[in-house]
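Positions 611 to 909 (the working numbering) are the ones given, in order, by the sequence shown. Built from N, CA and C at the ideal position, the CB exists for glycine as well. Computed from a prediction, not measured in an experiment: that's the story for all the values here. Each remark here refers to the structure printed beneath this line.
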Amino acid sequence: MGAAAQLGGIVRMTLSLTVIMMEATSNVTYGFPIMLVLMTAKIVGDIFIEGLYDMHIQLQSVPFLHWEAPVTSHSLTAREVMSTPVTCLRRREKVGVIVDILSNTASNHNGFPVVEFAGDTQPARLQGLILRSQLIVLLKHKVFVERSSMGLVRRRLRLKDFRDAYPRFPPIQSIHVSQDERECTMDLSEFMNPSPYTVPQVPAAGCRQGQRCAGAGAASRPRLGGPSRVGPASSSEEALPPLQDASLPRVFKLFRALGLRHLVVVDNCNQVVGLVTRKDLARYRLGKGGLEELSLAQT
611 MGAAAQLGGI VRMTLSLTVI MMEATSNVTY GFPIMLVLMT AKIVGDIFIE
661 GLYDMHIQLQ SVPFLHWEAP VTSHSLTARE VMSTPVTCLR RREKVGVIVD
711 ILSNTASNHN GFPVVEFAGD TQPARLQGLI LRSQLIVLLK HKVFVERSSM
761 GLVRRRLRLK DFRDAYPRFP PIQSIHVSQD ERECTMDLSE FMNPSPYTVP
811 QVPAAGCRQG QRCAGAGAAS RPRLGGPSRV GPASSSEEAL PPLQDASLPR
861 VFKLFRALGL RHLVVVDNCN QVVGLVTRKD LARYRLGKGG LEELSLAQT
């Protein structure tokens with residue numbers, strides 16, 4: 611039991627290590643005492659220092675989210691952790707623009723908001739989100755609007771084409787795009803993930819006041835399909851606080867409960883103002899001196 615207590619205090623394993631010890635010794639009699647010893651070792655170890663696995667996660671700079679947000683993070687808001695400015699794509703974007711964005715090391719996000727301009731004087735509004743891997747597959751199969759109209763695309767792109775490329779999607783440097791193809795256009799509306807949120811309709815002056823958040827992939831007020839629309843807000847929606855000014859634990863719970871990878875922050879006019887990712891949340895942890903910011907791996 612002393613060896614089990616030492617190992618349990620290092621790796622903080624309880625039930626699984628109890629089963630391992632029982633199977634290794636073929637003695638069920640000591641199952642309950644071993645469990646008590648391991649639980650005691652874990653509780654005492656958590657008081658002084660993190661476990662071995664947690665320390666390795668920190669050393670490797672892995673963006674791992676714990677079950678709960680740091681206790682002292684209530685003073686932080688989504689405005690302070692979101693990345694801005696955000697690189698956005700239009701629903702119909704030139705191939706050259708997409709290649710340049712994917713090749714740019716500054717645009718290292720895995721997801722890009724898709725926006726649409728209602729007019730020359732109207733601001734761009736969020737329509738959905740498309741992943742970097744999806745864009746690479748589209749470029750690889752050369753799914754361009756001009757090729758489709760001229761009948762150069764032999765078949766429609768299927769879900770199997772995306773699954774076959776998973777998990778090792780080719781890098782953008784391996785995709786050859788000619789100068790003529792850079793002038794072609796890609797229609798992202800068929801492949802993007804439509805935003806499942808509805809945004810309350812407010813006057814133009816109110817667009818610069820409160821901010822709301824639209825999560826690509828899951829929603830606190832989800833809609834079963836179709837792009838986000840601007841519509842009249844109900845009284846309950848107007849009473850909700852803006853998520854851009856929400857506390858970091860609230861955003862943290864959205865990521866943990868809904869399994870989000872990206873959270874697009876928009877204003878009341880559905881304009882993209884920021885992007886929150888798992889790395890943005892995992893960058894903060896509770897240390898001995900309070901809340902501290904970590905450096906995370908880029909890969």
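With a cutoff of 9 Å on beta-carbon distance, residue 700 and residue 725 are scored as near each other.
In the DSSP assignment, residue 708 falls within the unbroken alpha helix (DSSP H) covering 705 to 713. In summary, residue 770 is exposed, with fewer than 16 beta-carbon neighbours lying within 10 Å of its beta-carbon over all protein chains present. The beta-carbon distance between residue 882 and residue 696, rounded to whole angstroms, is 5 Å. This is short enough to meet the 8 Å contact definition.
Residue 879 and residue 738 have their alpha carbons spaced roughly 15 Å apart. Per DSSP, the continuous alpha helix (DSSP H) segment holding residue 635 begins and ends at 625 to 635.
Shortest Cα-Cα distance from residue 875 to any of 616, 687 and 671 involves 687. Residue 652 and residue 643 have their alpha carbons spaced roughly 14 Å apart.
Apart from sequence neighbours up to five positions away, no residue of its chain approaches residue 773 with a beta-carbon distance below 7 Å.
Counted as a single uninterrupted DSSP element, the beta strand (DSSP E) harbouring residue 741 occupies residues 734 to 741. Taking 8 Å as the upper bound for CB-CB distance, residue 863 and residue 673 are not in contact here, some 17 Å apart. A Cβ-Cβ contact shorter than 9 Å links residue 885 with residue 692. Residue 859 and residue 678 have their C-alpha atoms roughly 8 Å apart. Shown here, residue 694 sits in coil according to DSSP, grouped into three states, outside any helix or strand. The straight-line gap separating the alpha-carbon atoms of residue 681 and residue 787 is approximately 49 Å. In this chain, residue 660 is not harboured by any alpha helix (DSSP H), its DSSP state being neither H nor E. Taking 8 Å as the upper bound for CB-CB distance, residue 630 and residue 662 are not in contact here, some 16 Å apart.
According to DSSP, residue 796 shares a beta bridge with 703. Per DSSP, the continuous alpha helix (DSSP H) segment holding residue 859 begins and ends at 858 to 868. According to the DSSP assignment, residue 722 belongs to the beta strand (DSSP E) that extends over 721 to 727. One thing to note: residue 742 has its Cβ within 9 Å of the Cβ of residue 712.
In the DSSP assignment, residue 767 falls outside any alpha helix (DSSP H) and carries neither an H nor an E. Measuring C-alpha to C-alpha distances from residue 865 to each of 676, 785 and 647 identifies 676 as the nearest. For residue 885, the pairing in a beta bridge is given by DSSP as 693 and 874.
Beta-bridge partners of residue 687 (DSSP): 857. Linking residue 723 to residue 803 through their CA atoms gives a straight-line distance of about 9 Å. Per DSSP, the unbroken alpha helix (DSSP H) holding residue 621 starts and ends at 612 to 621. With contacts defined by Cβ atoms closer than 9 Å, residue 779 and residue 747 form a contacting pair. A residue is called buried when at least 16 other Cβ atoms come within 10 angstroms of its Cβ; residue 891 meets this threshold and is buried.
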